[in-house]
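Reading through the structure tokens given below for one structure.
Numbering (our numbering), first residue to last: 1183 to 1258.
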């Protein structure tokens, strides 16, 4: 059986930019951030990501996987 290659966000970025335009893309990224962030802290925390993960279809991720997502975002 052939393995599927994982698709990263960066793979879709040029297509999204072409379809939405620069301002549209930034607006959508900001909307996504607003959905996932902790309103009191102004950042995406483990708790806020866990609470809102179903919005992204990530409700099946384990806590350790969510921690990796938060760790990656804070490292960039």
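Backbone N, C-alpha and C define an ideal beta-carbon position, used for all residues, glycine too.
- A straight-line Cα-Cα distance of about 21 Å links residue 1192 and residue 1225.
- Taking C-beta atoms under 8 Å as the contact rule, residue 1248 and residue 1232 qualify, at a distance of about 6 Å.
- A distance of 8 Å or more separates the beta carbons of residue 1230 and residue 1245.
- Within the DSSP bridge table, the entry for residue 1225 names 1220 as partners.
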